[in-house]
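According to the UniProt record's numbering, the sequence shown is numbered sequentially starting from 1.
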Amino acid sequence: MPTYTAPVKDMQFLLQDVLRVTETGVPGYEDLDASFTSAVLEEAGKVASEVLAPLNAVGDAQGCVLENGVVRTPEGFKAAFEAMKEGGWTALDCDPEYGGQGLPYLMGTAVGEIFVSANMAFNMYQGLTHGAYSAIHAHGTDEQKATYLPKMVSCDWTGTMNLTEPHCGTDLGMLRTKAEPQADGSYKITGQKIFISAGEHDMAENIIHLVLAKAPGGGEGTKGISLFIVPKFMVKEDGSLGDRNAVSVGKIEEKMGIHGNATCVLNYDGATGFLLGELHKGMRAMFTMMNEARLGVGLQGYAVAEAAYQNAVAYAKDRLQGRDVTGAKNPAGAADPLIVHPDIRRSLMDQKSFVEGARALTFWGASLIDRHHRQNDAAADGLVGLLTPVIKGFQTDKGFEMAVQAQQVYGGHGYIEEQGMSQFVRDARIAMIYEGANGVQALDLVGRKLAADGGKHVMAFFDMVKAECKAHDGDARMVPFTEALKAASKQMQAAGMFFMQNGMKNPNAALAGSYDFMHLMGHVCLGLMWTRMAKAAYAALDAGAADTTFYETKITTGRYYMARQLPACATHLARIESGADPVMALAAEAF
1 MPTYTAPVKD MQFLLQDVLR VTETGVPGYE DLDASFTSAV LEEAGKVASE
51 VLAPLNAVGD AQGCVLENGV VRTPEGFKAA FEAMKEGGWT ALDCDPEYGG
101 QGLPYLMGTA VGEIFVSANM AFNMYQGLTH GAYSAIHAHG TDEQKATYLP
151 KMVSCDWTGT MNLTEPHCGT DLGMLRTKAE PQADGSYKIT GQKIFISAGE
201 HDMAENIIHL VLAKAPGGGE GTKGISLFIV PKFMVKEDGS LGDRNAVSVG
251 KIEEKMGIHG NATCVLNYDG ATGFLLGELH KGMRAMFTMM NEARLGVGLQ
301 GYAVAEAAYQ NAVAYAKDRL QGRDVTGAKN PAGAADPLIV HPDIRRSLMD
351 QKSFVEGARA LTFWGASLID RHHRQNDAAA DGLVGLLTPV IKGFQTDKGF
401 EMAVQAQQVY GGHGYIEEQG MSQFVRDARI AMIYEGANGV QALDLVGRKL
451 AADGGKHVMA FFDMVKAECK AHDGDARMVP FTEALKAASK QMQAAGMFFM
501 QNGMKNPNAA LAGSYDFMHL MGHVCLGLMW TRMAKAAYAA LDAGAADTTF
551 YETKITTGRY YMARQLPACA THLARIESGA DPVMALAAEA F
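The structure is reproduced here in structure tokens:
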């Protein structure tokens, strides 16, 4: 069975050496000194290793079962959920007014990674609840907040998001779920929603569904959509639970992975719902939840890869196969361990350099969200909006690829279920699809985010990269980082220029290159992260850090990424500049 150990030292390096959180001036960050963050992360790591990770394979093997309208979660899940609640982990970065601990979003992100790595399917129950909490917190009335948030913060009640219908996924303007206004101000919700993660289960007293539906007078398309709070059980004025609402489970989907999470078809048959936010402006309210969810899914991409990588490293050091071509490294044994072979090293370095770079990008993104919410920093909000499709799309694509590489280290044993590597691959695959399939993320990036606010956010990003490189002029140690980053940034700028010159007259010229652009920008982002990490590692060494091996390992890993991964930017640029013709040349009938 696979094991997992929280990478606390790597996280501390990002928080304390790279982001230097206590020096940022962000309200709340002054409390995030090394001793405090270490204590939180170490304790989360214990919960992950001792409680959640042992249930990962159990959830995969048993899955969820629908019995008489109630979903039974896998053995051990309910007790683990109680342990999470009792430890206060569900309330970590929630508003203290509603029972939360008020820590920054960045700390919730770091702890979230640990829990996802240990058991992705399990963590989705509380993760989706957090998203629903955020939407109600941002758009709800005072009464709605008082009614729902304390119980959602504690996860006595959990939450969901209901968007997709059988005939529409991405194109929400086509949805058919109806909301009929009632005399008392409530609505009757009627329709069917599919792919609802954690849509029904036995671990909470109530489930608060956030449902997109169309109320009369809203017009066509997404402009006519409203968002409604639809509780599984009605909530009485005194906060106690009343009658069961008219929402039921049609079935549980049989999925490729994340078996421990119940993915439900939900039928709304005149269920009572309450408007959340403004009428006919439900997309704005839902996007509060969706943007958070997309960053969370981007985290899932590398967090599962981290768990897979840890086990691949252990296997590569233990499994004896073949001899080192430069001379036996285990002469007393029948063969040398796998890790002596260059191709195994290549695979492990791919995994290690991606995971650590993606963690840095995600933590930086989380810190930008804190800057926006805690300092009303509009520039930070614009920048994280630009980065969100990259974090979601690039990191889940590469995270799946790295999980496959980790499985490959095992050879034939990687294909055998008892080793557990198959589950990492299968679980990671969903992250490329849900919360907006990655092709849609690429379209959002190129079609919307690049031009947002006159392009000032992408220009600010380029300026940031340029300033980072210039800051190291004269430091020969940083040349492998800055020269590679400069080249990659210029290639990203050239791609953007191609879109500007060709996209207006032929929009397909931009859209055909959008996926390549998302990956090109992803590599530039990780190149920027590795440059910052190298700078921090050299600074620690210069200051006489005791653990020189740790910092030297960071630098070596970063040099690998710059030398072996950033050259992919040239390939992505060449594909982009080939335009739409190679992509669109065949008639639909020719496929």
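Using N, Cα and C, we set each Cβ at its ideal position, and we do this for glycine too.
Check: Grouping DSSP H, G and I as helix and E and B as strand, with all else coil, what is H259?
Finding: Here the question's residue 259 lines up with position 259 in the sequence shown. The answer is coil: DSSP assigns H259 none of H, G, I, E or B.
Query raised in the report: Which value, in whole angstroms, describes the spacing of the CA atoms of residue 593 and L163?
Result: No information on residue 593 is available, as it lies outside the stretch 1 to 591 that the chain covers here.
Residue closest to G436, alpha-carbon to alpha-carbon, out of H259, G298, G127: Your numbering for residue 436 matches position 436 in the sequence shown. The shortest Cα separation from G436 among H259, G298, G127 belongs to G298.
With distance defined between alpha-carbon atoms, name the residue in S489, P7, I433, H472 nearest to G257.
Taking the first residue of the sequence shown as position 1, residue 257 is located at position 257. Cα-wise, what sits closest to G257 is I433.
(request) Could you spell out where the alpha helix (DSSP H) holding Q441 opens and where it closes? (result) Within the sequence shown, residue 441 is the residue found at index 441, counting from 1. In the DSSP annotation of this structure, the continuous segment of the alpha helix (DSSP H) that includes Q441 starts and ends at 438-444.
Note to self: For T548, count the other beta carbons within 10 Å of its own beta carbon; 16 or more makes it buried, fewer makes it exposed. Which is it?
What the structure shows: Counting from 1 along the sequence shown, the entry for residue 548 is found at position 548. Flag for T548 reads exposed.
Mind checking which residues open and close the beta strand (DSSP E) that includes E67?
Here residue 67 refers to the residue found at position 67 when the sequence shown is read from its first residue. Residues 65-67.
Separation of Q395 from I194, as counted between CA atoms:
In the sequence shown, the residue the question calls residue 194 occupies position 194. In the sequence shown, the residue the question calls residue 395 occupies position 395. Answer to the nearest angstrom: the Cα atoms are 25 Å apart.
**Prompt:** What is the DSSP secondary structure of F591, counted as helix, strand or coil?
**Reply:** Looking up residue 591 in the sequence shown gives position 591. In this structure, F591 counts as coil in the three-state DSSP scheme.
Euclidean distance between Cα positions of P181 and G219 = Taking the first residue of the sequence shown as position 1, residue 181 is located at position 181. Taking the first residue of the sequence shown as position 1, residue 219 is located at position 219. One C-alpha to the other measures close to 16 Å.
Are A494 and H523 close, meaning C-beta to C-beta below 9 Å?
-> Along the sequence shown, one-based indexing puts residue 494 at 494. Along the sequence shown, one-based indexing puts residue 523 at 523. No, the pair does not count as a contact, with Cβ atoms beyond the cut-off.
Suppose you measure from the CA of D318 to the CA of M478; what does that come to, to the nearest Å? As a first step, residue 318 is located in the sequence shown; it is residue number 318 there, counting from the start. As a first step, residue 478 is located in the sequence shown; it is residue number 478 there, counting from the start. Cα-Cα distance, rounded: 35 Å.
**Item:** With 16 other Cβ atoms within 10 Å as the buried cut-off, status of H519
**Value:** Taking the first residue of the sequence shown as 1, we reach residue 519 at position 519. Classification of H519: buried, given that the 10 Å Cβ count is 16 or more.
Exercise. To the nearest angstrom, how far is it from the Cα of L445 to the Cα of I344?
Worked result: Translated into positions along the sequence shown, residue 445 becomes position 445. Translated into positions along the sequence shown, residue 344 becomes position 344. Pairing L445 with I344, the inter-Cα distance amounts to about 34 Å.
Review point. Which residue comes first and which comes last in the beta strand (DSSP E) that contains H341?
Key: Here the question's residue 341 lines up with position 341 in the sequence shown. Segment: none, H341 is in no beta strand (DSSP E) and carries neither H nor E.
Leaving out the 5 sequence neighbours to the left and right, which residues in its chain are closer than 7 Å to R294 when beta-carbon positions are compared? Within the sequence shown, the letter at position 294 stands for residue 294. Excluding residues within five positions, the ones whose Cβ falls inside 7 Å are T388, K392, E435, G436.
Looking only at its own chain, which residues have a Cβ that is under 8 Å from the Cβ of Q144, when we skip the five neighbours before and after it? The residue given as residue 144 occupies position 144 in the sequence shown. Cβ neighbours of Q144 within its own chain (closer than 8 Å, five residues either side excluded): I136, I229, F274, L276.
*Can you check the region 74-145 for any alpha helix (DSSP H) of at least 4 residues that lies completely inside it and give the ranges in chain order?*
Correct list: 77-86, 105-118, 120-139.
Could you check where the alpha helix (DSSP H) with S422 kicks off and where it finishes?
As a first step, residue 422 is located in the sequence shown; it is residue number 422 there, counting from the start. Element bounds for S422: 421-430.
Can you name the start and end residues of the beta strand (DSSP E) that T160 belongs to? Locating residue 160 in the sequence shown gives position 160, where the first residue counts as 1. Taken as a continuous stretch (DSSP letters only), the beta strand (DSSP E) holding T160 covers 157-162.
- [ ] Mind the definition here: the region 422-433 touches the region 250-269 only if three or more C-beta pairs lie below 8 Å; say whether that holds.
- [x] Counting C-beta pairs with one atom in each stretch, the region 422-433 and the region 250-269 have three or more that are closer than 8 Å, which means they touch.
| According to the neighbour-count rule (16 or more other Cβ atoms, all chains shown, within 10 Å of its Cβ), is T141 buried or exposed? | Working through the sequence shown from its first residue, we reach residue 141 at position 141. Sixteen is the threshold: since fewer than 16 other Cβ atoms of the shown chains lie within 10 Å of the Cβ of T141, the residue is exposed.
>> My assumption, with CB atoms under 8 Å, is that T160 sits in contact with S197. Please give the rounded CB distance.
In response: Reading the sequence shown from its first residue, position 160 is the one you call residue 160. Reading the sequence shown from its first residue, position 197 is the one you call residue 197. Right, their Cβ atoms sit about 7 Å apart.
Quiz item: Do G513 and E468 have their C-beta atoms closer together than 9 Å?
Solution: Here residue 513 corresponds to residue number 513 of the sequence shown, with the count starting at 1. Here residue 468 corresponds to residue number 468 of the sequence shown, with the count starting at 1. No; because the gap between Cβ atoms is not below 9 Å, this pair is not in contact.
V153 by DSSP, collapsed to three states: which one?
-> Position 153 of the sequence shown holds residue 153. Shown here, V153 sits in a helix according to DSSP, grouped into three states.
In this structure, how does DSSP classify N267 when only helix, strand and coil are distinguished?
What you label residue 267 is simply residue 267 of the sequence shown in a count that begins at 1. For N267, the secondary structure class from DSSP, reduced to helix, strand or coil, is strand.
### Task
Since I believe I189 is in contact with G268 (beta carbons under 8 Å), could you give me their beta-carbon distance rounded to a whole number of angstroms?
Within the sequence shown, residue 268 is the residue found at index 268, counting from 1. Within the sequence shown, residue 189 is the residue found at index 189, counting from 1. Per the sequence shown, the amino acid found at residue 268 is Tyr instead of Gly. About 5 Å; that satisfies the 8 Å criterion.
Pick from E552, L210, A563 that is closest to T288, judged by C-alpha positions: For the purposes of this step, residue 288 is taken as residue 288 along the sequence shown, with counting starting at 1. The shortest Cα separation from T288 among E552, L210, A563 belongs to L210.
First and last residue of the uninterrupted alpha helix (DSSP H) at Q395:
Taking the sequence shown and counting its residues from 1, one reaches residue 395 at position 395. Counted as a single uninterrupted DSSP element, the alpha helix (DSSP H) harbouring Q395 occupies residues 378-409.
TODO: Return yes when the Cβ of G527 is within less than 9 Å of the Cβ of A471, no when it is not.
DONE: As a position in the sequence shown, residue 471 is number 471, starting the count at 1. As a position in the sequence shown, residue 527 is number 527, starting the count at 1. No, the Cβ-Cβ distance between A471 and G527 is not below 9 Å.
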